[in-house]
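Start counting the sequence shown at 45; every next residue gets the next number (this note's numbering). Every residue, glycine too, gets a C-beta built ideally from N, C-alpha and C. Owing to the predicted nature of the structure, the values given are computational and were not obtained by experimental measurement.
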Amino acid sequence: MIRSPRAWALEQNDRRIVFAPGPETTMFAESRPFHVAQHRLPAWKAVLPIGGHAELLQPGRPMVAAPGLIVPPQLAHSCAATSPYIALFVDSWLLPSCPGPIRLGAGEVRRVLAALGTTDSDGPGTCVDLAAAYAELRTLAGRPSLLDPRVAHAVHLCTLRDPDMPIPSIAVEVGLSAPRLRALVRQDVGITLARLRRWGRLRTAIADLPGSTAALAAATAGFADQAHLTRTARDFIGRTPASL
């Protein structure tokens with residue numbers, strides 16, 4: 045079993061960043077505008093600017109801009125916030141599937157921020173109500189379908205309880221062949237177990253960054269090396285660990 049990621053807040057010059065994990069939602073907040081390069085996140089992302097707006101660009105499509113955005117998993121895009129912002133990350137099976145970004149009005153953004161427990165223009169602290177924020181996002185995006193119990197157990201094993209457990213061993217534990225388990229996960233979750241495992245490790249590594257080197261955070265989270273962590277961060281969140 046791996047330990048749970050911990051919350052942290054850092055201040056440097058005029059920049060403040062906050063990270064807070066929860067069972068349904070993980071929060072990353074920053075006290076200044078920021079732009080992230082093209083990436084494909086294996087989770088939902090809600091971008092909640094505080095006073096500005098969010099911008100999303102998909103290859104070959106016009107820019108989408110709104111007071112806030114909910115971005116579905118695996119969507120290739122770059123993203124920006126024109127003001128301090130909060131980003132909420134929700135596992136892919138915890139909201140219903142959607143083909144494209146969901147625009148949020150200013151009032152809807154305020155509702156999510158109020159549920160989170162922050163209306164301060166400087167952004168939140170680490171003591172936020174992530175469960176209430178997730179409930180508000182579910183009100184906006186809809187309720188998900190229940191996962192097959194075997195898939196739910198496999199995802200839990202792969203991302204939380206034992207991320208080093210081989211997928212064939214996970215399949216045996218849930219009473220399926222490895223090919224059948226992979227097919228069920230792709231059907232119910234839309235993302236491979238291997239990719240979900242990397243996402244869980246990335247969250248663990250980010251939680252360790254303030255009190256560690258990137259190389260040690262990578263090793264603790266189960267990455268092969270620091271370069272593997274950096275590649276995963278660029279692929280999943282469009283930025284490097286150093287930018288955090």
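Report all residues from its chain with a CB closer than 6 Å to the CB of residue i; omit the five preceding and five following residues, and keep chain order.
i, result
"methionine 45", "Interpretation of methionine 45 is limited by its pLDDT of 36, a score under 50 that renders its predicted location unreliable; no figure is taken from the coordinates."
Do you know offhand how far residue i's Cα is from residue j's?
i, j, result
"threonine 284", "methionine 107", "24 Å"
"histidine 200", "proline 193", "10 Å"
"glycine 149", "glycine 96", "12 Å"
"proline 254", "valine 172", "19 Å"
"proline 188", "valine 233", "11 Å"
"threonine 170", "tryptophan 52", "6 Å"
"arginine 242", "threonine 203", "8 Å"
"alanine 110", "leucine 100", "9 Å"
Within its chain, find whatever has a CB closer than 8 Å to the CB of residue i; leave out the 5 residues flanking it on each side and keep chain order.
i, result
"threonine 69", "Leu132, Phe133, Val134, Leu174, Ala175, Ala177, Tyr178, Leu181"
"leucine 260", "Asp252"
"serine 6", "Nothing can be reported for residue 6, as the shown portion of the chain is limited to 45 through 288."
Name the residue from the options whose alpha carbon lies nearest to the alpha carbon of residue i.
i, options, result
"leucine 237", "Ile250, Leu288, Ile211, Ala251", "Ile211"
"glutamate 32", "Ala90, Leu225, Met209", "Past the boundaries of the shown model lies residue 32; the chain is included only from 45 to 288, so the question cannot be answered."
"glycine 244", "Phe267, Leu160, Arg154, Leu138", "Phe267"
"proline 103", "Pro93, Cys123, Ala64", "Cys123"
How would you label residue i, buried or exposed, when you count the other beta carbons within 10 angstroms and need 16 or more for buried?
i, result
"proline 223", "exposed"
"glutamate 55", "exposed"
"arginine 105", "exposed"
"valine 62", "buried"
Between which residues of its own chain and residue i is the CB-CB distance below 7 Å, once the five residues before and five after are set aside?
i, result
"alanine 277", "Leu246, Arg283, Thr284, Pro285"
"serine 136", "Pro86, Ala87, Trp88, Pro117, Val233, Gly234, Ile235"
"isoleucine 281", "Val80, His83, Leu85"
Could you round the C-beta distance between residue i and residue j to whole angstroms and report it? I think they count as a contact, below 8 Å.
i, j, result
"leucine 184", "isoleucine 114", "7 Å"
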